[in-house]
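Structure, as structure tokens:
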Amino acid sequence: MHIIKTKAWQLGEKSVTDEKIYNERRRLMKMAAIAGAGAMVPFSLKASATYVPRALSFAPNKAYRDLSPTEYEKITTYNNFYEFSLSKEGPSKLAHTLIPEPWTIEISGEVEKPMTVDVAQILAKYPLEERIYRFRCVEGWSMVVPWIGFELSCLLKKAGLTSQSKFVQFQTKYDPQMFPEQKSEGFFGNIPFPYVEGLRIDEAMHPLTLLSVGLYGKTLPKQNGAPIRLVVPWKYGFKSIKSITKIHVSASMTRSTWNEVNPREYGFYSNVNPDVDHPRWSQAKERPLGEFFKQKTQHFNGYADEVSHLYTGMDLRKHF
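For what it's worth, the numbering used here labels the leading residue of the sequence shown as 59, then goes sequentially.
What follows is the structure, encoded as structure tokens:
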């Protein structure tokens, strides 16, 4: 497996990790190094009746910035995953039905080489690194997550883009046995299943856009989107779709679940913007998990220098 260096815009590991978890992660990395190269293969994806997040090999983060820390327990017990539950605490209790190994991803549409790839094969070829990103939910809460993954552009380049590759749609696996809330004829309230999300091709190819296979130095917990999920740090969290099984490239704008259900409240782009409120609440401030006081929301979630040029000339109140 290849290792690459981290980027200057990555947040420091001390900004997200309490001392106990930080030391435990270092211990796991040391154990993996002692065990040798064979033990460092991160995601063998052998069929198994049980799945326990395990240590990954990745390029360590060397940058440090001041942010309120988010504990591993909070990241893994407070999140949205509607295929399991509408509540924030539900996924961590109900996601045991997900079987994340083996797992494949189908890449289709406007690409030169449509293909179905195995996640194990992907991880054997692409470099993994730790990227510590801000995560902002459209509901007004936030956290900072140390993701492990690789750039989405690596996979799209493998499939080969064409002159008609304008948008990319992602789909969560549809399997009512794994995802109990899919059983109700494909609907959970007003949410149609399978869950889909979309990006414009320049957003998908941006170096910040990540396919994550882990967090806190281990493979992804089931409730956080195992075995592979999207992470787009300058957009609201629902754009970062979990448990991806299909990637479809198209010439026209793709479907996006929440935009399709309620376009007035959830725009296709859904860039973090403190100046554009949700119809039912302000987006000017956010509450980091575990904190009492709110903090100001940053434009593009703090990544404006890297991504604002993607939207030059666009009315971000209209194209929200």
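Ideal Cβ positions, reconstructed from N, Cα and C, are used throughout, including at glycine.
From a predicted model like this one, the values you see are computed outputs, not experimental measurements.
Buried versus exposed call for residue i [16 or more other C-beta atoms within 10 Å across all chains shown]
i: H381; result: With the chain covering 59 to 378 only, the question about residue 381 has no answer from this structure.
i: S145; result: exposed
i: W292; result: buried
i: R123; result: The predicted model places R123 with a pLDDT of 47, which falls under 50 and marks its position as unreliable, so this point remains unresolved.
i: N359; result: buried
i: A205; result: Note on identity: in this sequence residue 205 is Trp, with Ala being the wrong assignment. Buried, because 16 or more other Cβ atoms sit within 10 Å of the Cβ of W205.
Delimiting residues of the alpha helix (DSSP H) encompassing residue i
i: T174; result: Unbroken run through T174 is the beta strand (DSSP E), 173-176; no alpha helix (DSSP H).
i: T315; result: 315-319
i: I163; result: Looking at the DSSP string, I163 is not in any alpha helix (DSSP H); the run it does join, the beta strand (DSSP E), is 162-167.
i: E364; result: 362-365
i: K304; result: Where K304 is concerned, there is no enclosing alpha helix (DSSP H), although the beta strand (DSSP E) it sits in stretches over 302-308.
i: T135; result: 130-135
i: E261; result: 259-262
Rounded Cβ spacing between residue i and residue j (contact assumed at less than 8 Å)
i: A362; j: K354; result: About 13 Å; that fails the 8 Å criterion.
i: G218; j: L114; result: Not really, about 28 Å apart at Cβ, beyond 8 Å.
i: F228; j: I259; result: In fact, because the Cβ distance is near 13 Å, the residues do not count as touching under 8 Å.
i: T128; j: V196; result: T128 to V196, Cβ: 18 Å. No contact.
i: E209; j: P265; result: 6 Å
i: L380; j: A284; result: Because the chain spans 59 through 378 in this model, residue 380 falls outside it and cannot be assessed.
i: N248; j: V319; result: 5 Å
Segment limits, beta strand (DSSP E) that includes residue i
i: G207; result: 199-209
i: G148; result: Taken as a continuous stretch (DSSP letters only), G148 belongs to no beta strand (DSSP E), being part of the alpha helix (DSSP H) at 148-152.
i: E344; result: 343-346
i: Y191; result: 187-194
i: V271; result: 268-273
i: Q229; result: 225-230
Nearest neighbour of residue i, chosen from the options [CA to CA]
i: M236; options: Q281, G167, R322, L144; result: Q281
i: Q179; options: Y191, G325, R192, V271; result: V271
i: L273; options: W161, I190, K171; result: I190
i: E261; options: I206, L214, E239; result: L214
i: I299; options: V169, P252, P234, W199; result: P252
i: V175; options: K216, G198, R338; result: K216
i: T134; options: T277, W339, H306; result: T277
i: P250; options: H306, V169, R313; result: R313
Between the CA atoms of residue j and residue i - distance to the nearest angstrom
i: V289; j: K171; result: 24 Å
i: S211; j: E147; result: 33 Å
i: R287; j: G371; result: 30 Å
i: P158; j: S310; result: 31 Å
i: L268; j: P185; result: 12 Å
i: E131; j: V330; result: 25 Å
i: G348; j: R194; result: 14 Å
i: D373; j: T108; result: 48 Å
i: Y136; j: M201; result: 10 Å
i: P332; j: K304; result: 32 Å
Chain B contact for residue i (CB, 8 Å cutoff)
i: I165; result: Annotation note: the requested chain B is absent from the structure, which comprises a single protein chain.
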